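In what follows, a structure is listed as structure tokens, so that the remarks can point back to it.
2 protein chains.
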Amino acid sequence: MNSDLCRKLGIEFPLFAFSHCRDVVAAVSRAGGMGVFGAVLYTPEQLRTELEWIDANCGGKPYGVDLIVPTSIQRQGGSGPSDDQLLAGLPAEHLAFAEQVLERAGVGADDLEERRCALLHISRNLDSAGAEAMLDVAFSFPIRLIANALGTPPQIMLDRARAAGVPVAALVGSKQHAQRQVAAGVDILVAAGGEAGGHCGEVSTMVLVPEVVSVAGDTPVLAAGGIVTGRQMAAAMAMGAAGAWCGSVWLTTAEGEPSQVVKDKMLAASSSDTVRSRSRTGKTSRQLKSAWTDAWEADGPAPLPMPLQSLVAEPALARIEALAQRGHAGAADLATYWVGQGVGLMTQTTSAAEVVQDFKRDYLAATERLMATLED
Amino acid sequence: MNSDLCRKLGIEFPLFAFSHCRDVVAAVSRAGGMGVFGAVLYTPEQLRTELEWIDANCGGKPYGVDLIVPTSIQRQGGSGPSDDQLLAGLPAEHLAFAEQVLERAGVGADDLEERRCALLHISRNLDSAGAEAMLDVAFSFPIRLIANALGTPPQIMLDRARAAGVPVAALVGSKQHAQRQVAAGVDILVAAGGEAGGHCGEVSTMVLVPEVVSVAGDTPVLAAGGIVTGRQMAAAMAMGAAGAWCGSVWLTTAEGEPSQVVKDKMLAASSSDTVRSRSRTGKTSRQLKSAWTDAWEADGPAPLPMPLQSLVAEPALARIEALAQRGHAGAADLATYWVGQGVGLMTQTTSAAEVVQDFKRDYLAATERLMATLED
Numbered sequence: 001m002n003s004d005l006c007r008k009l010g011i012e013f014p015l016f017a018f019s020h021c022r023d024v025v026a027a028v029s030r031a032g033g034m035g036v037f038g039a040v041l042y043t044p045e046q047l048r049t050e051l052e053w054i055d056a057n058c059g060g061k062p063y064g065v066d067l068i069v070p071t072s073i074q075r076q077g078g079s080g081p082s083d084d085q086l087l088a089g090l091p092a093e094h095l096a097f098a099e100q101v102l103e104r105a106g107v108g109a110d111d112l113e114e115r116r117c118a119l120l121h122i123s124r125n126l127d128s129a130g131a132e133a134m135l136d137v138a139f140s141f142p143i144r145l146i147a148n149a150l151g152t153p154p155q156i157m158l159d160r161a162r163a164a165g166v167p168v169a170a171l172v173g174s175k176q177h178a179q180r181q182v183a184a185g186v187d188i189l190v191a192a193g194g195e196a197g198g199h200c201g202e203v204s205t206m207v208l209v210p211e212v213v214s215v216a217g218d219t220p221v222l223a224a225g226g227i228v229t230g231r232q233m234a235a236a237m238a239m240g241a242a243g244a245w246c247g248s249v250w251l252t253t254a255e256g257e258p259s260q261v262v263k264d265k266m267l268a269a270s271s272s273d274t275v276r277s278r279s280r281t282g283k284t285s286r287q288l289k290s291a292w293t294d295a296w297e298a299d300g301p302a303p304l305p306m307p308l309q310s311l312v313a314e315p316a317l318a319r320i321e322a323l324a325q326r327g328h329a330g331a332a333d334l335a336t337y338w339v340g341q342g343v344g345l346m347t348q349t350t351s352a353a354e355v356v357q358d359f360k361r362d363y364l365a366a367t368e369r370l371m372a373t374l375e376d
Numbered sequence: 001m002n003s004d005l006c007r008k009l010g011i012e013f014p015l016f017a018f019s020h021c022r023d024v025v026a027a028v029s030r031a032g033g034m035g036v037f038g039a040v041l042y043t044p045e046q047l048r049t050e051l052e053w054i055d056a057n058c059g060g061k062p063y064g065v066d067l068i069v070p071t072s073i074q075r076q077g078g079s080g081p082s083d084d085q086l087l088a089g090l091p092a093e094h095l096a097f098a099e100q101v102l103e104r105a106g107v108g109a110d111d112l113e114e115r116r117c118a119l120l121h122i123s124r125n126l127d128s129a130g131a132e133a134m135l136d137v138a139f140s141f142p143i144r145l146i147a148n149a150l151g152t153p154p155q156i157m158l159d160r161a162r163a164a165g166v167p168v169a170a171l172v173g174s175k176q177h178a179q180r181q182v183a184a185g186v187d188i189l190v191a192a193g194g195e196a197g198g199h200c201g202e203v204s205t206m207v208l209v210p211e212v213v214s215v216a217g218d219t220p221v222l223a224a225g226g227i228v229t230g231r232q233m234a235a236a237m238a239m240g241a242a243g244a245w246c247g248s249v250w251l252t253t254a255e256g257e258p259s260q261v262v263k264d265k266m267l268a269a270s271s272s273d274t275v276r277s278r279s280r281t282g283k284t285s286r287q288l289k290s291a292w293t294d295a296w297e298a299d300g301p302a303p304l305p306m307p308l309q310s311l312v313a314e315p316a317l318a319r320i321e322a323l324a325q326r327g328h329a330g331a332a333d334l335a336t337y338w339v340g341q342g343v344g345l346m347t348q349t350t351s352a353a354e355v356v357q358d359f360k361r362d363y364l365a366a367t368e369r370l371m372a373t374l375e376d
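So, in structure tokens, the structure goes:
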């Protein structure tokens with residue numbers, strides 16, 4: 001494609017695959033897009049293992065890493081609360097509510113403590129020492145993009161990226177966020193509309209993309225939120241976006257990380273079957289509606305701040321996922337995952353590489369459809 | 001433009017202006033789009049007066065009418081509740097809450113009863129006899145489009161439109177709505193995303209448009225929701241829409257019907273300054289956030305079904321608008337109007353005709369931007 005951003009990043013087609021699944025990341029990069037590995041749920045050691053695999057399997061094509069590095073990393077300094085402090089800070093009400101939801105569905109809750117301890121590194125990734133350890137690993141690989149998923153990247157992240165010659169991307173949910181990020185020196189803005197899976201704001205992609213483009217100046221803008229087809233990518237680029245940043249569409253590919261139970265729920269879901277909720281991370285994120293999200297929306301306690309809510313929700317959801325995979329009906333009802341409204345357009349499973357090819361064909365057809373309107 | 005829909009309707013550019021303001025309707029039709037007069041708040045006599053003016057001022061160009069004709073019109077038969085029955089059915093709690101909001105802002109509430117009686121025709125437009133009277137007036141003019149704003153058009157509306165050779169459009173907020181409307185024989189679908197002003201669902205324009213197109217077959221789809229620029233119209237058409245249906249963008253034109261107070265609030269508003277609320281009509285509709293919507297969202301009583309909630313809200317909002325126009329600060333804080341998230345992109349006042357020309361220029365530039373990505 002004739003695109004400054006493609007030339008800058010050394011890619012063929014400006015389709016960015018945000019994924020927690022290394023297979024998707026490598027497959028999309030090999031197919032001409034750019035895979036971006038979402039690392040927030042991993043330990044530094046796990047991240048190293050995954051990036052070694054990606055580096056060995058991406059055919060020498062560019063790939064990136066996505067982290068949540070707190071804006072306050074330098075002010076805060078040192079480590080955050082200890083594991084014991086974190087566990088002691090979890091209110092009994094929240095832990096009891098999560099257990100009750102599992103018990104009512106016959107899922108049981110006997111290994112939640114063990115699962116919670118195994119996930120304490122999530123909170124460490126959000127403090128200064130932990131985030132620096134993740135940056136150390138990321139920059140020990142020849143990554144071509146580093147993204148910050150929440151808030152303005154701290155100076156240390158920008159400095160390290162500059163030193164490594166790696167562009168920094170950051171997600172924004174409003175024009176005001178975009179202005180702050182441009183002022184901070186971010187190289188690529190990802191404008192994430194309210195229909196996006198995962199953390200999202202309220203302004204829709206159709207409105208947010210031209211708004212962010214209007215204040216971005218020379219900074220390229222990727223469109224995110226609801227985009228699962230090439231025609232939607234073309235739509236975003238007609239509005240001035242330089243490419244598309246997609247997370248949901250990879251979930252139902254053959255490689256995608258969710259269990260088959262969750263994939264089947266997504267393939268059957270309509271675009272109305274997602275919910276924006278603070279019950280998973282403490283911040284508003286969009287996910288598939290399920291008995292779990294219904295329970296929290298109906299009468300769950302007020303969500304805790306990050307990372308505490310994750311330490312309530314993730315162990316329970318990990319248990320649900322494990323049991324759902326083994327055919328437990330109650331667990332299948334509870335099972336959920338982050339996904340955007342585009343889930344209504346995700347109706348069959350192909351490979352991640354085939355998704356990229358479908359995007360290219362559909363993008364071309366959409367562009368030709370628009371060109372035809374100008375013919376005499 | 002090379003467009004089957006343009007040829008069918010006799011227009012130059014498939015930009016549809018939904019407006020309660022006759023000046024906007026005539027100006028957009030004259031400029032090459034199609035003005036569609038939103039008649040639900042008018043009496044049949046008022047509708048006749050407005051359409052006579054439009055017909056005399058549209059330069060012989062096509063225009064249309066938008067009504068809310070209940071799906072159940074034939075089942076229901078005859079007239080709805082009498083005026084006395086309607087007024088008796090308004091709960092004291094709701095009337096008192098509206099009055100309190102006005103009193104707290106120093107706006108006063110002494111003429112609300114009078115204003116309420118003057119608005120009783122809104123409910124009559126929603127019963128069978130009233131809706132037929134509106135259809136009688138509409139079809140006594142050479143309209144080129146008739147639209148139903150909520151739900152599937154009743155058979156009588158479709159039959160009368162067929163007899164008059166007038167295409168019927170209907171608004172849809174989900175793929176399922178679209179399937180029902182196509183089955184009912186609607187000629188044009190208006191896919192209205194959740195970012196739209198007025199009545200709207202939850203699915204965003206970016207997702208809803210390709211979803212509706214996928215089930216519309218040969219039925220043309222207009223995109224609505226958040227669209228206030230030509231680049232967004234091009235985006236929608238890249239996704240398969242046949243045109244754009246816009247309501248918000250006309251509100252801040254020189255001709256637009258809101259008071260200058262409301263126009264100024266809209267010009268200053270960001271895309272985050274709207275709210276979806278049931279407090280105006282009883283169904284979910286998007287409007288500018290104000291002290292009025294804040295009060296209802298914070299601790300208003302549960303909204304009443306249509307048309308009762310309108311009979312609580314509209315008299316209060318009419319009084320607010322009147323006092324705001326006279327410079328009353330409390331009334332200005334309360335003043336609101338239906339508008340979509342696109343309000344964040346509406347930053348200056350021009351004429352409605354200039355908006356159409358801006359759309360054309362921006363549409364062309366967006367199409368050329370997309371074409372350029374395919375160049376070698």
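Chains as they are written, first to last, in UniProt numbering: chain A, 1 to 376; chain B, 1 to 376. Each residue gets a CB set at the ideal place from its N, CA and C atoms; glycine is no exception. On a predicted model such as this, the values are computed, not experimentally measured, just so you know.
*Within its chain, find whatever has a CB closer than 6 Å to the CB of Q76/B; leave out the 5 residues flanking it on each side and keep chain order.*
Its pLDDT being 49, under 50, Q76/B is placed unreliably in this model, and the value from its coordinates should be taken loosely. Answer for Q76/B: S128, listed in chain order.
*asked:* Within the continuous alpha helix (DSSP H) that includes A295/B, where are the two ends?
replied: Where A295/B is concerned, the enclosing alpha helix (DSSP H) stretches over A291 to D299.
*Which class does L304/B belong to by DSSP, given the choice of helix, strand or coil?*
In the structure shown, L304/B sits in coil (DSSP, three-state: anything other than H, G, I, E or B).
*Are any of the Cβ atoms in chain A nearer than 8 Å to that of M266/B?*
So no, M266/B is outside the interface.
*Distance, L171/A Cα to A147/A Cα*: Computed Cα separation, rounded: 8 Å.
*Going by DSSP, which residues form a beta bridge with A287/A?*
Contrary to the premise, residue 287/A reads as Gln rather than Ala in this sequence. Beta-bridge analysis with DSSP links Q287/A to V275/A and W338/A.
*Starting from M157/A, follow the alpha helix (DSSP H) in both directions and report where the run begins and ends.*
Annotation for M157/A: the continuous alpha helix (DSSP H) segment containing it runs Q155 to A164.
*Do you know how far the Cα of A234/A is from the Cα of L364/A?*
Whole-angstrom Cα-Cα distance: 8 Å.
*Give the interface partners of E297/A over in chain B, defined as CB-CB distance under 7 Å, in chain order.*
Here the premise fails: no neighbours, minimum Cβ distance about 14 Å.
*When burial is assigned at 16 or more other CB atoms within 10 Å of the CB, is residue 385/A buried or exposed?*
Not covered by the structure: residue 385/A. The range shown for chain A is 1 to 376.
*Q341/B burial status per 10 Å Cβ neighbour count (16 or more: buried)*: Buried, since its Cβ has 16 or more Cβ neighbours within 10 Å.
*Give the secondary structure of I188/B by DSSP, where H, G and I count as helix, E and B as strand, and everything else as coil.*
Of the three classes helix, strand and coil, the one that applies to I188/B here is strand, per DSSP.
_I need the straight-line Cα distance from V36/B to A169/B, nearest angstrom please._
Whole-angstrom Cα-Cα distance: 11 Å.
*Using CA coordinates, which residue listed in D84/A, A109/A, G243/A and T219/A is at the minimum distance from L323/A?*
The candidate whose alpha carbon is nearest that of L323/A is A109/A.
_8 Å is my cut-off, CB to CB: does S248/A come that close to chain B?_
No, S248/A does not count as interfacial toward chain B.
*Out of G130/B, E50/B, R286/B and G327/B, point me to the one whose CA is closest to S204/B's CA.*
Comparing Cα-Cα distances from S204/B to each of G130/B, E50/B, R286/B and G327/B, the minimum goes to R286/B.
*asked:* Below 8 Å on the Cβ atoms is my contact criterion, and I expect F139/B with D66/B to pass it. Report the Cβ-Cβ distance as a whole number of Å.
replied: Taking C-beta atoms under 8 Å as the contact rule, F139/B and D66/B fail to qualify, at a distance of about 14 Å.
*Hey, out of A56/B, G60/B and A98/B, whose CA is closest to L304/B's CA?*
Distance check between L304/B and each of A56/B, G60/B and A98/B places A98/B closest, using alpha-carbon atoms only.
*Leaving out the 5 sequence neighbours to the left and right, which residues in its chain are closer than 6 Å to D23/A when beta-carbon positions are compared?*
The beta carbon of D23/A sits closer than 6 Å to those of E255, all from its chain and outside the five residues before and after it, given in chain order.
*Would you mind telling me which residues of chain A sit closer than 7 Å to S3/B, beta carbon to beta carbon, in chain order?*
By Cβ distance, chain A contributes T373.
_Would A269/A and V343/A be called neighbours here (beta carbons separated by less than 8 Å)?_
V343/A sits close to A269/A, with the two beta carbons spaced by under 8 Å.
*Under 8 Å, do G80/A and S123/A count as touching if we go by C-beta distance?*
Taking 8 Å as the Cβ cut-off, G80/A and S123/A qualify as a contacting pair.
*For a contact meaning CB atoms closer than 7 Å, what does T205/A contact in chain B?*
In chain order: S204 and M206.
*Would you mind telling me which residues of chain B sit closer than 9 Å to A269/A, beta carbon to beta carbon, in chain order?*
In chain order: nothing, as chain B lies at least about 12 Å away.
*Exposed or buried, what is P91/A when buried is set at 16 or more other beta-carbons lying within 10 Å of its beta-carbon?*
When all chains shown are included, P91/A counts as exposed.
*Along chain B, which residues have their Cβ under 7 Å away from the Cβ of Q232/A?*
Result: M206, P210 and M239.
*Coil, strand or helix - C6/B by DSSP*: Correct three-state label for C6/B: helix.
*Determine the extent of the beta strand (DSSP E) in which W245/B is found, giving its start and end residues.*
From DSSP, the beta strand (DSSP E) with W245/B extends over G243 to C246.
*Under a three-way DSSP split, which group does H199/A fall into?*
Residue state, collapsed to three classes: strand.
*Anyone know if the C-beta pair for A178/A and L370/A falls short of 8 Å?*
Annotated as distal: A178/A and L370/A, with beta-carbon spacing of 8 Å or more.
*Applying a beta-carbon distance threshold of less than 7 Å, which residues of chain A neighbour Q357/B?*
Residues of chain A passing the Cβ test: none, with the nearest at roughly 16 Å.
*By how many angstroms is the C-alpha of W250/A removed from the C-alpha of M157/A?*
M157/A and W250/A: Cα-Cα distance of roughly 27 Å.
*Give the straight-line distance between the Cα atoms of M376/A and M1/B, rounded to the nearest whole angstrom.*
Checking the displayed sequence, the identity of residue 376/A turns out to be Asp instead of Met. C-alpha separation (whole angstroms): 7 Å.
_Alpha carbons only, please: which of G60/A, A27/A and C21/A is nearest the one belonging to E50/A?_
It is C21/A whose Cα lies nearest to the Cα of E50/A.
_Starting from S19/B, trace the beta strand (DSSP E) in both directions and tell me its first and last residue._
From DSSP, the beta strand (DSSP E) with S19/B extends over L15 to S19.
*beta strand (DSSP E) containing D96/A: first to last residue?*
First, the amino acid is wrong: residue 96/A is Ala here, not Asp. No beta strand (DSSP E) holds A96/A; the alpha helix (DSSP H) holding it covers A92 to R104.
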